[in-house]
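Notes to accompany the following structure.
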Amino acid sequence: DQQVKQNSPSLSVQEGRISILNCDYTNSMFDYFLWYKKYPAEGPTFLISISSIKDKNEDGRFTVFLNKSAKHLSLHIVPSQPGDSAVYFCAASARASGSARQLTFGSGTQLTVLP
Amino acid sequence: KAGVTQTPRYLIKTRGQQVTLSCSPISGHRSVSWYQQTPGQGLQFLFEYFSETQRNKGNFPGRFSGRQFSNSRSEMNVSTLELGDSALYLCASSFASNTEAFFGQGTRLTVV
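Chains as they are written, first to last, in the working numbering: chain U, 101 to 215; chain W, 2 to 113.
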């Protein structure tokens, strides 16, 4: 049962254009969403997050949009740069017992930015 | 400040053996979580420790266990290794809750 889905395993974008990575979730208890970037042989690097009380969060070239009714979030990268080429993971979190949380990850999308 | 440190980076073990992986969190972080990454399953949550107590556990068999020490360093143990345990094991630390977690580089375990 995949609670967080990234349906596009790969995406290619021209340098300077917009990259849009999508993520869908099924668990309505999720109240915090994160995007991570991962290069080969390295751990995931935190990019940006959004709480369920917001529908948009922006940090430099990265913007995350949350559509709660559709249970969908997206990461926009503008403008895309070759150094953005990596695997992007969407993750969701719901408060578990006590104050514990766990991150549920999507399967990742390989973004390739072409020069 | 130093990031999350995982040791060793690479490990090769034989089926049936046991293995211990180590994770040193960012200074001041008390929450440590472990994840398994495989090509087919993506990143799967193993467990989370906070102040030496396991607070949350994923859907993995009892062969997978962990612990956390008073200095917040954590170890993960896998007993009776199986070929399917070959994966990248990632540790993440966070200050209090498990929201913005910062990951180490991982330990690549190969079981032969």
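Note that CB positions come from ideal geometry on N, CA and C, so glycine has one too.
What is the DSSP secondary structure of G206(U), reduced to helix, strand or coil?
Three-state result, G206(U): coil.
If distances are taken between C-alpha atoms only, which option among Q114(U), S193(U) and L211(U) comes closest to N57(W)?
The residue with the shortest Cα to Cα distance from N57(W) is S193(U).
For K14(W), collect the residues of the same chain with a Cβ closer than 6 Å to its Cβ; drop the 5 residues on either side in sequence, then sort them by chain order.
Once the five neighbours on either side are set aside, the close Cβ partners of K14(W) are V20, L82 and V112.
Taking L134(U) as the reference, give the member of H172(U), P182(U) and P109(U) with the closest Cα.
Closest by alpha carbon: H172(U).
Can you tell me the Cα-Cα spacing of A3(W) and L211(U), whole angstroms?
When rounded, the distance between both Cα atoms is 28 Å.
Three-state secondary structure (DSSP) at D131(U)?
D131(U): coil per DSSP, three-state reduction.
Looking only at its own chain, which residues have a Cβ that is under 7 Å from the Cβ of E101(W), when we skip the five neighbours before and after it?
S95.
Between L173(U) and chain W, is any beta-carbon pair separated by less than 8 Å?
Chain W, which has no Cβ nearer than 8 Å to the Cβ of L173(U), makes this no.
So, are the CB atoms of G43(W) and G208(U) less than 8 Å apart?
Contact flag set, yes.
For L91(W), return the contacting residues in chain U, with the cut-off set at a CB-CB distance below 8 Å.
Those are G143 and P144, listed as they occur along chain U.
Output yes if chain W places a C-beta closer than 8 Å to the C-beta of S152(U); else output no.
No, S152(U) does not count as interfacial toward chain W.
Is the region 65 to 84 of chain W touching the region 32 to 52 of chain W in the sense that three or more CB pairs, one from each, lie closer than 8 Å?
Yes, since at least three Cβ pairs between the region 32 to 52 of chain W and the region 65 to 84 of chain W fall closer than 8 Å, the two stretches touch.
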